[in-house]
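Enquirer: Here the sequence shown is numbered in the working numbering, starting from 88 and rising by one per residue. Glycine included, every Cβ here is placed at the ideal spot set by N, Cα and C. The structure presented is a predicted model; accordingly, all values stated were derived computationally and were not measured.
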Amino acid sequence: MGGVRELAGSFVVPGPCGVAVRDRLGHLTPQDEKVLRAVGEHQGALASRDLKARCADGLEHGADTWALRKRDLTPLSSSRIAGAITKATHDQWALARRCQAAHIQTLETGIRTLRHRLSLPIGEPGTKRAAGGYRSRSEWFRKSRRLAALEARHAAVVADRQAGRVRVVRGGRRLLNTRHHLTEARLTEEQWRERWEAGR
């Protein structure tokens with residue numbers, strides 16, 4: 088048991104195999120900008136087409152359909168770009184699916200709360216654990232209409248989920264909705280279009 092433990096020789100840990108560098112490109116000529124914009128538009132169109140195909144697959148998606156989508160994209164770009172596009176598309180669909188599940192939970196929570204409060208007599212005080220009844224008949228009526236709206240929305244989202252349907256906007260839904268409120272966003276149509284194309 089006695090003795091000194093031998094120390095192993097020092098070694099250097101190898102660096103990462105792949106490195107992603109995100110930075111702005113500087114000192115571009117007008118020709119460089121034109122080429123980059125053309126490449127971006129081409130790859131953006133491929134990504135849009137692939138997202139449409141992935142959404143159409145729904146719950147029927149598998150390794151075979153993924154490989155087929157990649158094969159379709161490879162002649163139009165390269166194997167590496169096709170792989171990156173299909174991976175990004177799958178991640179986007181999966182994120183939309185998780186958001187859909189979270190939205191359903193939020194709707195169910197709201198429906199439960201409204202049903203509970205509507206079942207109580209008007210004016211009944213609440214406790215620390217649960218809210219009481221509504222304060223007036225008019226508030227009770229408004230909340231009953233709200234309950235009907237939430238139930239209809241919940242039924243639609245659950246039907247979408249069971250069918251494997253998701254709602255995805257390339258470029259972002261917020262930016263899409265900004266198109267209808269340009270003055271409030273302090274944007275011109277040209278500025279919005281520039282952001283929209285960059286986002287897509």
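Distance, Cα to Cα, aspartate 137 vs leucine 262?
Expert: Those two C-alpha atoms are separated by around 21 Å.
Enquirer: What's the gap between the Cα of histidine 129 and the Cα of threonine 152?
Expert: Near 22 Å, if we compare the C-alpha coordinates of threonine 152 and histidine 129.
Enquirer: State the DSSP-derived secondary structure class of alanine 95, mapped to helix, strand or coil.
Expert: It is coil, neither helix nor strand.
Enquirer: For chain E, is any of its Cβ atoms less than 9 Å away from the one on isoleucine 209?
Expert: Note that chain E does not occur in the displayed structure, where there is just one protein chain.
Enquirer: Which residue's Cα is closest to the Cα of glycine 259: His267, Arg287 and Leu274?
Expert: Closest option to glycine 259, Cα to Cα, is Arg287.
Enquirer: What does the alpha-carbon distance come out to for the pair threonine 250 and arginine 216?
Expert: First, the amino acid is wrong: residue 250 is alanine here, not threonine. Going by the C-alpha atoms only, they are around 37 Å apart.
Enquirer: Grouping DSSP H, G and I as helix and E and B as strand, with all else coil, what is serine 165?
Expert: If DSSP states are grouped into helix, strand and coil, serine 165 belongs with coil.
Enquirer: Spatial neighbours of leucine 163 within its chain, please: CB distance less than 7 Å, with the 5 preceding and 5 following residues excluded, ordered by chain position.
Expert: If we look at leucine 163 and ignore the five residues flanking it on each side, its Cβ neighbours are Leu133.
Enquirer: Note down, in chain order, each residue of its chain lying with its Cβ closer than 8 Å to the Cβ of alanine 218, except the 5 sequence neighbours on either side.
Expert: Around alanine 218: Thr200, His203 and Arg204.
Enquirer: Under a Cβ-count criterion, where at least 16 other Cβ atoms within 10 Å of its own Cβ denotes burial, should arginine 266 be classed as buried or exposed?
Expert: Exposed, because fewer than 16 other Cβ atoms sit within 10 Å of the Cβ of arginine 266.
Enquirer: Rank Glu276, Gly210, Thr176 and Glu226 by C-alpha distance to the C-alpha of glycine 131 and give the top, closest one.
Expert: Among Glu276, Gly210, Thr176 and Glu226, the Cα nearest to that of glycine 131 is on Thr176.
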